[in-house]
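Heads up: the sequence shown begins at 4 in my numbering, then just goes up one per residue.
Glycine residues also receive a C-beta, built at the ideal position from the N, C-alpha and C atoms.
Predicted, not measured: the structure shown is a model, and the values here were computed from it.
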Amino acid sequence: MAAMTTVPSYTPSIWVRMCHALPRLDLTMQMRDNIFVPDSWEYQQTLLVLSSLSAIALVISLLVVLSFLIHYCCCHRGDRSEGSEEEEEDEDGSTGHGYSGKKGRGICCVTWVAVAAVTLCCVAIGIGFYGNSEANDGMYQLTSSLLTANYTLASIDLLISDTIAGLQLSVSGPLTSMEELFTGSKPFLVSTRNCRRLSENVMNLLSSISLARFSVDAGLGNDSSVSGASITPLTPVPPSVAPTVVPTSGLMPNPFSPGWAANTLMVNEDYRWLSYVLLLLLDLIVCLFILLGLAKQARWLLILMTVLAWLALFLSWGSLGLETATVVALSDFCSDPNAFVLNSTNFNTGTSSDVLDYYLTCNRRMNSPFQQLLTQSQRALSNIHTHLSSLDRNALTQFPKAEKSLREVQQILNSTEGNFHQLVALLNCRGLNKDYIDSLKGLCYDGMEGLLYLSLYSFLSALAFTAILCSLPGAWRSFPSESEEYEDSDSESEDPFTSHQARRQTASGSQRGAMAPFYNYPGAGWTPPFSSAPPLPTPNVSSNGNPGYESLPLTDRQSPPPSYSPSMLTGYGGSQSHPNPAHSRNLYSR
Numbered sequence: 004m005a006a007m008t009t010v011p012s013y014t015p016s017i018w019v020r021m022c023h024a025l026p027r028l029d030l031t032m033q034m035r036d037n038i039f040v041p042d043s044w045e046y047q048q049t050l051l052v053l054s055s056l057s058a059i060a061l062v063i064s065l066l067v068v069l070s071f072l073i074h075y076c077c078c079h080r081g082d083r084s085e086g087s088e089e090e091e092e093d094e095d096g097s098t099g100h101g102y103s104g105k106k107g108r109g110i111c112c113v114t115w116v117a118v119a120a121v122t123l124c125c126v127a128i129g130i131g132f133y134g135n136s137e138a139n140d141g142m143y144q145l146t147s148s149l150l151t152a153n154y155t156l157a158s159i160d161l162l163i164s165d166t167i168a169g170l171q172l173s174v175s176g177p178l179t180s181m182e183e184l185f186t187g188s189k190p191f192l193v194s195t196r197n198c199r200r201l202s203e204n205v206m207n208l209l210s211s212i213s214l215a216r217f218s219v220d221a222g223l224g225n226d227s228s229v230s231g232a233s234i235t236p237l238t239p240v241p242p243s244v245a246p247t248v249v250p251t252s253g254l255m256p257n258p259f260s261p262g263w264a265a266n267t268l269m270v271n272e273d274y275r276w277l278s279y280v281l282l283l284l285l286d287l288i289v290c291l292f293i294l295l296g297l298a299k300q301a302r303w304l305l306i307l308m309t310v311l312a313w314l315a316l317f318l319s320w321g322s323l324g325l326e327t328a329t330v331v332a333l334s335d336f337c338s339d340p341n342a343f344v345l346n347s348t349n350f351n352t353g354t355s356s357d358v359l360d361y362y363l364t365c366n367r368r369m370n371s372p373f374q375q376l377l378t379q380s381q382r383a384l385s386n387i388h389t390h391l392s393s394l395d396r397n398a399l400t401q402f403p404k405a406e407k408s409l410r411e412v413q414q415i416l417n418s419t420e421g422n423f424h425q426l427v428a429l430l431n432c433r434g435l436n437k438d439y440i441d442s443l444k445g446l447c448y449d450g451m452e453g454l455l456y457l458s459l460y461s462f463l464s465a466l467a468f469t470a471i472l473c474s475l476p477g478a479w480r481s482f483p484s485e486s487e488e489y490e491d492s493d494s495e496s497e498d499p500f501t502s503h504q505a506r507r508q509t510a511s512g513s514q515r516g517a518m519a520p521f522y523n524y525p526g527a528g529w530t531p532p533f534s535s536a537p538p539l540p541t542p543n544v545s546s547n548g549n550p551g552y553e554s555l556p557l558t559d560r561q562s563p564p565p566s567y568s569p570s571m572l573t574g575y576g577g578s579q580s581h582p583n584p585a586h587s588r589n590l591y592s593r
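Written as structure tokens, this is what we have:
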């Protein structure tokens with residue numbers, strides 16, 4: 004039974020303690036305390052110093068990228084002539100993949116560095132999506148707990164206002180009528196006046212219980228619309244539709260309102276979540292299109308992605324600075340949240356520290372600060388019920404006209420007692436303390452974990468984009484130029500059946516000396532390269548006056564020489580016994 008009634012507690016996580024132990028320096032490089040005081044200028048200086056570390060890292064990454072750009076632009080400009088000579092040697096010794104030799108190995112290494120950097124960026128994007136989801140879950144739990152607490156506070160104030168309104172109605176209506184009827188009977192008149200006095204005492208006691216003054220004032224402003232006969236206990240509603248107090252201005256209300264805080268946090272969280280999703284999608288698009296540009300060797304695509312990579316680099320380091328300051332500030336708050344709430348004027352204005360301490364700790368050894376008020380109100384209601392029972396037994400026989408007013412007072416008293424029992428249950432610390440602990444767990448567990456993952460994402464993505472910007476200029480060198488692409492297209496159009504390596508050997512052979520084709524050897528006695536076939540005949544005229552076959556060489560139409568079967572060659576050889584060698588040379592030569 005003791006385990007079932009254990010009050011939930013909050014303990015700072017190891018991440019909170021580690022971040023809270025980080026040293027703090029202000030702008031003058033002096034050590035500062037790590038107490039969460041967001042309104043203090045000294046504390047804000049420590050956060051600025053921590054955020055400036057990402058700016059220093061950004062400058063370092065820019066210097067690294069600039070040094071690599073200078074290396075590729077200046078150092079390799081003088082090596083182009085030497086590279087052209089080495090390229091011929093590399094091509095002669097290549098095996099077809101184009102990465103043999105010193106230059107080829109360097110290009111391959113740079114390309115794989117770019118691919119590895121893009122892979123690291125994709126891993127960072129996955130971490131970022133998980134961290135964004137965790138932070139959103141923590142903020143959702145925080146806002147849900149605040150809305151539930153706001154619903155509890157609003158219910159308390161509405162019960163108090165309804166009870167006070169009912170008692171005021173009974174004092175001004177039925178009790179006044181009963182006093183007029185009991186004017187001639189002193190005992191009955193004294194009992195009626197005691198009921199009035201006790202009702203006013205209960206109203207004064209309940210008016211001193213105020214946990215959300217705005218709701219109480221709003222409830223008291225509608226007293227005229229409350230009917231004594233229609234007072235019923237408050238029907239619970241979901242926290243999402245609970246009444247919230249949202250001031251017209253953007254400033255924090257005084258005293259603090261959980262409904263206002265929940266609405267403000269929900270709006271800010273929506274913008275934060277959407278911003279990170281857009282940033283993650285931008286990084287993902289840049290990484291995927293960089294891989295596509297490397298695969299397709301598209302210079303224009305890589306140039307566009309390089310510009311976006313610069314933008315992503317700045318955004319990554321900037322987000323890392325904001326996340327660092329937020330993580331440190333949140334760790335300071337989560338290390339001792341009760342101290343900040345008790346010391347903050349925004350929370351304890353209009354509420355005593357004993358009340359806040361009771362609901363924040365909910366210790367069994369502590370008595371409720373409203374225990375005395377509730378006990379006195381309960382006794383007063385019991386005394387009112389006793390006086391009304393006495394009047395019901397003794398006065399109605401002598402004053403039957405007072406029965407209607409007495410029944411109205413009893414009905415109001417029954418509704419008041421029902422509201423009072425609900426009020427006692429809601430004023431217990433367990434409900435509000437559970438909402439407070441749930442909000443701390445959502446903020447300091449899931450929220451802190453999500454921010455740490457987002458910080459890791461920003462750091463890894465910044466490193467990845469730095470490596471990408473350093474390696475892309477080297478990867479461009481492996482792309483063929485426009486002149487090389489034009490020569491390759493010409494060689495492919497000349498003979499599509501020749502392999503790439505054979506075209507390279509043909510091109511190198513043309514520089515040393517042109518070699519005649521395999522079918523264009525000089526000599527009048529040359530015959531086609533058929534092992535068993537006789538020489539081809541000269542064209543003869545058929546009976547219709549048309550040549551028997553086409554005299555146009557097939558090689559002029561970009562197709563290989565035709566093949567003849569032995570029967571065809573025998574037929575042609577029988578029709579003409581003396582072949583014409585000159586025609587054969589014209590047939591197979593270019």
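- If you draw a straight line from the Cα of Ala60 to the Cα of Gln300, it comes to about 32 Å.
- In this structure, Phe336 is the residue among Phe336, Tyr143 and Thr329 with its C-alpha nearest to the C-alpha of Phe39.
- Counting the other CB atoms within 10 Å of its CB gives Val310 a total below 16, which places it among the exposed residues.
- Measuring C-alpha to C-alpha distances from Met269 to each of Leu307, Gly324, Leu149 and Leu426 identifies Leu149 as the nearest.
- Per DSSP, the unbroken alpha helix (DSSP H) holding Tyr279 starts and ends at Pro261 to Lys299.
- Sequence-distant Cβ neighbours of Asn197 in its own chain, meaning closer than 6 Å and more than five residues away, are His390.
- Going by DSSP, Gly421 is part of the alpha helix (DSSP H) stretching over Glu406 to Leu429.
- With the rule of 3 Cβ pairs closer than 8 Å, the segment 442 to 454 does not count as touching the segment 113 to 125.
- If you draw a straight line from the Cα of Leu475 to the Cα of Tyr143, it is about 41 Å long.
- Shown here for Ala265: same chain residues with a beta carbon closer than 6 Å to its own, the five before and five after excluded, namely Thr146, Leu149 and Leu150 in chain order.
- With respect to Ser194, Leu394 sits close: the two C-beta atoms are nearer than 7 Å.
- Listed in chain order, the non-local C-beta contacts of Phe132 below 7 Å within the same chain comprise Leu283, local neighbours out to five positions each way being set aside.
- Judged by DSSP in its simplified three-state form, Gln401 adopts coil rather than helix or strand.
- Cys365 sits buried, since 16 or more C-beta atoms from the chains shown fall within 10 Å of its C-beta.
- Residue environment for Tyr279: buried (at least 16 other C-beta atoms within 10 angstroms of its C-beta).
- Cα atoms of Ser356 and Ser211: separation of roughly 15 Å, rounded to the nearest angstrom.
- The beta carbons of Leu28 and Val62 sit no closer together than 7 Å.
- When secondary structure is reduced to three states using DSSP, Thr155 falls in the helix class.
- Spatial neighbours of Ile387 in its own chain (CB-CB distance under 7 Å, excluding positions within 5 residues in sequence) are listed in chain order as Cys198, Leu201, Ser202 and Leu416.
- By the beta-carbon neighbour count (other beta carbons within 10 angstroms, threshold 16), Asp449 is buried.
- The residues Arg199, Ser202 and Glu203, in chain order, have a CB closer than 7 Å to that of Val174 in the same chain once the five nearest residues on each side in sequence are set aside.
- In this structure, DSSP gives Asn139 a helical state, which the three-state scheme calls helix.
- With distances taken between CA atoms, Asn135 lies nearest to Tyr274 out of Tyr274, Gly296 and Pro340.
- Looking at Leu184, Tyr75 and Ala157, the one whose alpha-carbon comes closest to that of Gln401 is Leu184.
- Per DSSP, Asp441 is one residue of the alpha helix (DSSP H) stretching across Cys432 to Lys444.
- DSSP places Arg200 in the uninterrupted alpha helix (DSSP H) bounded by Lys189 to Ser210.
- Per DSSP, reduced to three states, the secondary structure at Val40 is coil, with no helix or strand assignment.
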